[in-house]
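Enquirer: Supplied in C-alpha cells, the structure appears directly below.
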Ligand code: PMP
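Residue numbers (the numbering used here): 70 to 545.
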C-alpha cells in the first residue's frame, strides 16, 4: 500500500471501527469524510460521494442544513448541556411536547383500542431507546401483574441494538451467538419475508414478492398459535417488539400491507404491550408524507415508541422512548416505596441535541419536506425498475424512501449467495468507486438517501448500483 495520508494513518493506528473486521480494514486506505452538503459527502482528497444510506440511516434533511446549523449555533451560545438529574431545561421540555403531539393518532378501530402516548424518556441512541422500553415494560408488567413473569416476543431476524437488553430481544443468530451467555431469553415469530416465505407458493417474478405472493396469511396464523400456546402454558407474552413496515438490519424485510394491523390486533387481544422500534422507520422514512411514524400507517399506536437516528436530523446522538400514562403511573408511589424508574444517562435531554431535534421536527412539518419525501419516493420507484434487467437482482423492496435490493445467484431460482462470498461488500465497494456510498446487509444493498436527494442524484445512485452489480457479479 502506498504511504497513507496522516488522518488515514491515525485511523489505522488508533480507531477500532464498529461491526468491522479490523484485519481487513487496515488493508486499504479508508475514505476519510471531511465535509458535506445536502446529499453529497466529500473526503479529505476532495472527492465527492452521494450519501446512499443517509450516513447509516440517520440523516434526513441533508447535511450541513442551514436551519439545523442555526439551531445548534443559537443553543450553543446559551448552554450545551446541563444535567436532567434534578433540573429541567428549555429545549428538552419543548421537544417532549412536540414529540407527544407528533405521535398522536386519530385512527379508531372496532378491533382494538389504541393507547395515548404522553410521556417522553430521553436517551442517547437507538439501543438505549429500546433498552428503556424493555425495562419499562418489564417493571410495569411486574407491578400490575405480579404473578406474571414478563416475556418478550419479537420477530425473526430482528435487530434492536447492541446493549444487552436490546440484543436479547433481537434475533440475528450471528450476534446472539457471540453474547449468548449474557442475554435473557426472548421468543420469536416468523418474519413476513414474502420473498423467502415457505408458505408463498408463487414462482419468482420480476416484481416485489409482496405484490405477487400466493398465500393465506399463514404467517399471521403462526403468530396466533404462538400467543395461544404461551397462554395455554400459563406463561403469556407481555411485550411484542417490532419494526413497523420494514425490518431494517434484518435485511430490509418489508411487511405486506395489513400484516402489522393483524399482529397488533392479536397482541392487544392477549393483553400484551407493543414496543415499536421506529429507530429506522420514524420521521417519515417509510410513510406517505402525511405521517411521521410507520406504525400509524397501519393504524397502530404502540405502548412504547422508540425513536433515535433521524430524531436529531442526523446531527447528534439523541433518542426518546415515548410511553403511556398507564406505564408512567405504575412507577408512582411514596419515596420509600422505591418505585422510581432507576435508569438514566448523563446526557439525558441534552440541550444541543434537543434544540437540533426541535428544528428538525419543524422542518419535517413544512410542505417543502413533505414534497421532498414524495418526490424521493417516486424517483426511487421509477429508477429502480431498470435493475430488474440484471439476473442477480432477486427482489427489490421499497417502503417509502427505504429500499432493499436482494442479490441472488439467479433470480429464477432465488438461490442465495453464501455470506462468505461477501457479494454485498463487493458491490458496495464498486459503488464507492463510482461515487456512491452505502453499506450492505449480507447480500442486500440498502438505499436510503436524505430527503433532499434530487432526481439526478437518485439516477446516479441507481446507475452506480446497476454498474457495480454488473461488474462485480458476473451472471451464473
Ligand atoms: N433499532 C433499529 C431498527 C436499528 O436500525 C438500529 C441501528 N441500526 C438500532 C435499533 C440501534 O440504534 P443505535 O445504533 O443508534 O444504537
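In this text, a Cβ means the ideal position worked out from N, Cα and C, and glycines have one as well.
Do you know offhand how far residue 253's Cα is from residue 125's?
Expert: Position 184 of the chain shown holds residue 253. Position 56 of the chain shown holds residue 125. If you take the alpha carbons of residue 253 and residue 125, they lie about 28 Å apart.
Enquirer: With respect to the beta strand (DSSP E) encompassing residue 474, which residues constitute its N-terminal and C-terminal limits?
Expert: Residue numbering aside, residue 474 sits at position 405 when the chain shown is read from its first letter. Looking at the DSSP string, the run of the beta strand (DSSP E) that includes residue 474 is 471-476.
Enquirer: Starting from residue 125, follow the beta strand (DSSP E) in both directions and report where the run begins and ends.
Expert: Taking the chain shown and counting its residues from 1, one reaches residue 125 at position 56. No beta strand (DSSP E) contains residue 125, which is instead part of the alpha helix (DSSP H) from 123-126.
Enquirer: Quick check: the segment 516-530 against the segment 483-499, are at least 3 beta-carbon pairs closer than 8 Å?
Expert: No, they do not touch.
Enquirer: Going by DSSP in three states, residue 497 sits in which element: helix, strand or coil?
Expert: Mapped onto the chain shown, residue 497 falls at position 428. Residue 497: helix per DSSP, three-state reduction.
Enquirer: Compute the distance between the beta-carbons of residue 427 and residue 135, then report whether it is under 7 Å.
Expert: Taking the chain shown and counting its residues from 1, one reaches residue 427 at position 358. Taking the chain shown and counting its residues from 1, one reaches residue 135 at position 66. No, these two residues do not count as a Cβ contact at 7 Å.
Enquirer: Using the Cα positions of residue 178 and residue 87, report the straight-line distance between them to the nearest angstrom.
Expert: As a position in the chain shown, residue 178 is number 109, starting the count at 1. As a position in the chain shown, residue 87 is number 18, starting the count at 1. Spanning the two alpha carbons is a distance of roughly 43 Å.
Enquirer: According to DSSP, is residue 241 helix, strand or coil?
Expert: Taking the chain shown and counting its residues from 1, the one referred to as residue 241 is at position 172. Correct three-state label for residue 241: coil.
Enquirer: Does at least one heavy atom of ligand 1 sit under 6 Å from the Cβ of residue 203?
Expert: Mapped onto the chain shown, residue 203 falls at position 134. The answer is no for residue 203.
Enquirer: Between the Cα of residue 305 and the Cα atoms of 516, 319, 339, 488, which residue gives the shortest distance?
Expert: The residue given as residue 305 occupies position 236 in the chain shown. Measuring from the Cα of residue 305, the nearest candidate turns out to be 339.
Enquirer: Can you look up residue 492 in the DSSP assignment and give me helix, strand or coil?
Expert: The sequence position of residue 492 within the chain shown is 423, counting from 1. Here residue 492 sits in helix by DSSP.
Enquirer: Thinking C-beta only, is residue 424 closer than 7 Å to residue 193?
Expert: Residue numbering aside, residue 193 sits at position 124 when the chain shown is read from its first letter. Residue numbering aside, residue 424 sits at position 355 when the chain shown is read from its first letter. No; because the gap between Cβ atoms is not below 7 Å, this pair is not in contact.
Enquirer: With respect to 6 Å, is the separation between the Cβ of residue 108 and the closest non-hydrogen atom of ligand 1 below this value?
Expert: For this step, residue 108 is matched to residue 39 along the chain shown. No, since every heavy atom of ligand 1 falls outside the 6 Å radius drawn around the Cβ of residue 108.
Enquirer: Taking residue 274 and residue 281 to be in contact with their CB atoms under 8 Å, please state how far apart those CB atoms are, rounded to whole angstroms.
Expert: Mapped onto the chain shown, residue 274 falls at position 205. Mapped onto the chain shown, residue 281 falls at position 212. Between residue 281 and residue 274 the Cβ distance is about 5 Å, and since that is below 8 Å, they are a contact.
Enquirer: Would you call the segment 320-337 in contact with the segment 284-296, where contact means no fewer than 3 C-beta pairs closer than 8 Å?
Expert: A contact exists between the segment 320-337 and the segment 284-296.
Enquirer: Please look up how many angstroms separate the CB atoms of residue 400 and residue 408, rounded, as I've assumed it's under 8 Å.
Expert: Numbered from 1 along the chain shown, position 331 holds the residue referred to as residue 400. Numbered from 1 along the chain shown, position 339 holds the residue referred to as residue 408. Contact holds; Cβ gap of about 5 Å.
Enquirer: Should the segment 72-87 be called in touch with the segment 101-114, which here means at least 3 C-beta pairs below 8 Å?
Expert: A contact exists between the segment 72-87 and the segment 101-114.
Enquirer: What does a CB cutoff of less than 7 Å around residue 522 pick up in its chain, not counting 5 residues either side in sequence?
Expert: In the chain shown, residue 522 corresponds to position 453, counting from 1. Excluding residues within five positions, the ones whose Cβ falls inside 7 Å are 108, 445.
Enquirer: Classify residue 519 as buried or exposed, calling it buried when 16 or more other Cβ atoms lie within 10 Å of its own Cβ.
Expert: One-based indexing of the chain shown puts residue 519 at position 450. Buried: at least 16 other Cβ atoms inside 10 Å.
Enquirer: Could you check if residue 318 belongs to the surroundings of ligand 1, using beta carbon to heavy atom distance under 6 Å?
Expert: Here residue 318 refers to the residue found at position 249 when the chain shown is read from its first residue. Yes, the beta carbon of residue 318 sits closer than 6 Å to at least one heavy atom of ligand 1.
Enquirer: If you run the structure through DSSP and keep just helix, strand and coil, what is residue 332?
Expert: As a working mapping, residue 332 is identified with position 263 in the chain shown. Correct three-state label for residue 332: helix.
Enquirer: Report the option in 487, 355, 465 whose CA atom is closest to the CA atom of residue 312.
Expert: Residue mapping note: residue 312 aligns to position 243 of the chain shown, counting from 1. Closest option to residue 312, Cα to Cα, is 355.
Enquirer: Taking the C-alpha atoms as reference points, what is the distance between residue 140 and residue 430?
Expert: Residue 140 sits at position 71 when you count from the first residue of the chain shown. Residue 430 sits at position 361 when you count from the first residue of the chain shown. Distance between the alpha carbons of residue 140 and residue 430: 12 Å.
Enquirer: When DSSP labels each residue in this structure, what does residue 177 get in the three-state scheme?
Expert: Within the chain shown, numbered from 1, the residue matching residue 177 stands at position 108. In this structure, residue 177 counts as coil in the three-state DSSP scheme.
Enquirer: Tell me which same chain residues have a C-beta within less than 7 Å of the C-beta of residue 475, skipping the five on either side of it?
Expert: Here residue 475 refers to the residue found at position 406 of the chain shown. Cβ within range, chain order: 264, 463, 464, 512, 513.
Enquirer: What are the start and end residues of the alpha helix (DSSP H) that includes residue 540?
Expert: Residue 540 sits at position 471 when you count from the first residue of the chain shown. Residues 524-541.
Enquirer: Could you say if the segment 378-393 and the segment 180-196 meet the contact criterion of at least three C-beta pairs nearer than 8 Å?
Expert: A contact exists between the segment 378-393 and the segment 180-196.
Enquirer: If residue 300 sits next to residue 258, beta carbons under 8 Å apart, how far is it from one beta carbon to the other, in whole angstroms?
Expert: As a working note, residue 300 is residue 231 in the chain shown. As a working note, residue 258 is residue 189 in the chain shown. Their Cβ separation, rounded to whole angstroms, is 15 Å, which puts residue 300 and residue 258 out of contact at 8 Å.
Enquirer: Assuming residue 369 contacts residue 461 under a Cβ cut-off of 8 Å, what Cβ separation, rounded to an integer in Å, is found between them?
Expert: Here residue 369 is taken as the residue at index 300 of the chain shown, counted from 1. Here residue 461 is taken as the residue at index 392 of the chain shown, counted from 1. Rounded, the Cβ-Cβ distance is 36 Å, inconsistent with contact.
Enquirer: When the Cα of residue 131 is compared with those of 104, 142, 150, which residue comes out closest?
Expert: Taking the chain shown and counting its residues from 1, the one referred to as residue 131 is at position 62. When only C-alpha atoms are compared, the closest one is 104.
Enquirer: Quick check: what's the CA-CA separation for residue 367 versus residue 471?
Expert: Reading the chain shown from its first residue, position 298 is the one you call residue 367. Reading the chain shown from its first residue, position 402 is the one you call residue 471. Approximately 17 Å, taken between the alpha carbons.
Enquirer: Let me make sure I understand the geometry here. Which of 535, 517, 541 has the alpha-carbon closest to that of residue 119?
Expert: Your numbering for residue 119 matches position 50 in the chain shown. Nearest of 535, 517, 541 to residue 119, Cα basis: 517.
Enquirer: Cα separation between residue 153 and residue 330?
Expert: Your numbering for residue 153 matches position 84 in the chain shown. Your numbering for residue 330 matches position 261 in the chain shown. Approximately 37 Å between the Cα atoms of the pair.
Enquirer: Closer than 6 Å: is that where the CB of residue 312 sits relative to any heavy atom of ligand 1?
Expert: By 1-based counting over the chain shown, the position of residue 312 is 243. Yes, the Cβ of residue 312 comes within 6 Å of a heavy atom of ligand 1.
Enquirer: Is the beta carbon of residue 352 sitting closer than 7 Å to the one on residue 379?
Expert: The sequence position of residue 352 within the chain shown is 283, counting from 1. The sequence position of residue 379 within the chain shown is 310, counting from 1. Taking 7 Å as the Cβ cut-off, residue 352 and residue 379 qualify as a contacting pair.
Enquirer: Could you check if residue 81 belongs to the surroundings of ligand 1, using beta carbon to heavy atom distance under 6 Å?
Expert: Stepping through the chain shown from its first residue, residue 81 is reached at position 12. Result no, Cβ not under 6 Å from ligand 1.
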